[in-house]
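Protein chains in written order, with our numbering: chain B, 294 to 409; chain H, 1367 to 1480.
No residue lacks a Cβ here, since even glycine has one placed at the ideal position from N, Cα and C.
Okay, so here's the structure we're looking at.
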Amino acid sequence: EAGVAQSPRYKIIEKRQSVAFWCNPISGHATLYWYQQILGQGPKLLIQFQNNGVVDDSQLPKDRFSAERLKGVDSTLKIQPAKLEDSAVYLCASSLVERAGKETQYFGPGTRLLVL
Amino acid sequence: AQSVTQLDSQVPVFEEAPVELRCNYSSSVSVYLFWYVQYPNQGLQLLLKYLSGSTLVESINGFEAEFNKSQTSFHLRKPSVHISDTAEYFCAVTPDTGRRALTFGSGTRLQVQP
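What follows is the structure, encoded as structure tokens:
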């Protein structure tokens, strides 16, 4: 079974530029998450999708971040314009709902963003 | 809301020695608990999880964790570590109802020395 795919793996941009990240979840996983992991910290949720609908985007800085999941499969996360503090690893995860509603999240390799 | 505290940011240990990585959580509802491992320049990999049933859960590479509801802890242990266990370990929780994002601790860097 293929895992969660993300691209690009690395990106370097200057502040005020825009950038986009792509995620393809594990086939059949309805729930998709984007997390931001700043160096030295644990990942923090940015946005959660259920199929192509947003479940939770309360921690997404909506003035500069946007995300979509058209057709309920792959997803893109965009930052426009980027700030220095956006330097982080952006992790995509998808989840499988097991019996009795139990859920396990599987993570992609992440996109490491450096904003100069 | 949930929160996770990993009490040690770094744990140095010699090869073949035992290790314990501590994790405490806070939640007003019942939770599922997870340990993820992150090797250098790689994504998070699920190490083990507690969803229900036996409070002692094991991974395929010798780690185990015990859910202690009264102490709200989920400490990770291994009786004998290897150099290859050097990595960052994250404890995470999620409510046991509905589909919710994980809340992570700040991580513990396990450094295994020869």
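Please say whether H:Thr-1460 and H:Arg-1377 have beta carbons closer to each other than 8 Å?
-> Locating residue 1377 of chain H in the second sequence gives position 11, counting from the first residue. Locating residue 1460 of chain H in the second sequence gives position 94, counting from the first residue. The displayed chain sequence assigns Val, not Arg, to residue 1377 of chain H. By the CB criterion at 8 Å, H:Val-1377 and H:Thr-1460 fall outside the cutoff.
The region 377–385 of chain B in contact with the region 311–330 of chain B per 3-pair CB rule at 8 Å = Output reads yes: the region 311–330 of chain B touches the region 377–385 of chain B.
What are the residues of the region 1411–1439 of chain H that lie near chain B, defined by any Cβ-Cβ distance shorter than 7 Å?
-> Within the region 1411–1439 of chain H, the residues whose Cβ lies closer than 7 Å to any Cβ of chain B are, in chain order, Leu-1412, Lys-1415 and Leu-1417.
Three or more C-beta pairs closer than 8 Å, one from the region 298–313 of chain B and one from the region 322–333 of chain B: is that the case here?
-> No contact exists between the region 298–313 of chain B and the region 322–333 of chain B.
Interface partners of B:Tyr-383 on chain H, CB under 9 Å | Walking along the first sequence from the start, residue 383 of chain B turns up at place 90. Within chain H, no residue has its CB atom less than 9 Å from the CB of B:Tyr-383, the nearest being about 11 Å off.
Along chain B, which residues have their Cβ under 7 Å away from the Cβ of H:Ala-1467?
-> For the purposes of this step, residue 1467 of chain H is identified with residue 101 of the second sequence, where counting begins at 1. Tyr-326, Leu-338, Gln-341 and Asp-349, listed in chain order.
Going by the CB atoms, is the gap between B:Ala-375 and B:Val-408 shorter than 8 Å?
-> Counting from one through the first sequence, the residue named residue 408 of chain B turns up at place 115. Counting from one through the first sequence, the residue named residue 375 of chain B turns up at place 82. With respect to the 8 Å criterion, B:Val-408 and B:Ala-375 are classified as neighbours on the basis of their beta carbons.
Is it buried or exposed for B:Pro-318, if we count other Cβ within 10 angstroms and need 16 for buried?
-> Working through the first sequence from its first residue, we reach residue 318 of chain B at position 25. By the neighbour-count rule (16 or more Cβ atoms within 10 Å), B:Pro-318 is buried.
Under the assumption that H:Phe-1482 contacts H:Leu-1414 (Cβ atoms under 8 Å), give the Cβ distance between them as a whole number of angstroms.
-> Past the edges of chain H, shown from 1367 to 1480, lies residue 1482 of chain H, and the structure says nothing about it.
Use the C-beta contact count for H:Ser-1375: other C-beta atoms within 10 angstroms, 16 or more gives buried, fewer gives exposed.
-> For this step, residue 1375 of chain H is matched to residue 9 along the second sequence. Under a 10 Å Cβ-count criterion, H:Ser-1375 is classified as exposed, with fewer than 16 other Cβ atoms of the shown protein chains found around its own Cβ.
From the DSSP output, in three-state form, read off B:Leu-389 for me.
-> Position 96 of the first sequence, counted from the first residue, corresponds to residue 389 of chain B. B:Leu-389 falls in the strand class under three-state DSSP.
Kindly say whether H:Phe-1380, judged by its beta-carbon, lies nearer than 8 Å to any beta-carbon of chain B.
-> Here residue 1380 of chain H refers to the residue found at position 14 of the second sequence. Under the 8 Å criterion on CB atoms, H:Phe-1380 is classed as non-interfacial with respect to chain B.
Would you list the one or two residues that DSSP bridges to H:Pro-1378?
-> What you label residue 1378 of chain H is simply residue 12 of the second sequence in a count that begins at 1. For H:Pro-1378, which the question treats as bridged, DSSP gives the partners H:Gln-1477.
DSSP-derived helix/strand/coil call for H:Asp-1462 = Position 96 of the second sequence, counting from 1, holds the residue named residue 1462 of chain H. DSSP places H:Asp-1462 outside both helix and strand once states are collapsed to three, so it counts as coil.
Could you check where the beta strand (DSSP E) with B:Leu-353 kicks off and where it finishes?
-> Residue numbering aside, residue 353 of chain B sits at position 60 when the first sequence is read from its first letter. No beta strand (DSSP E) holds B:Leu-353; DSSP gives it neither H nor E.
Within chain H, the residues that B:Phe-358 reaches when beta carbons sit closer than 7 Å = Against the first sequence, residue 358 of chain B aligns to sequence position 65. Around B:Phe-358, no beta-carbon contact reaches into chain H at under 7 Å, the shortest distance being about 15 Å.
Since B:Ile-306 sits in a beta bridge, which residues does DSSP pair it with?
-> Walking along the first sequence from the start, residue 306 of chain B turns up at place 13. Beta-bridge pairing links B:Ile-306 to B:Val-408.
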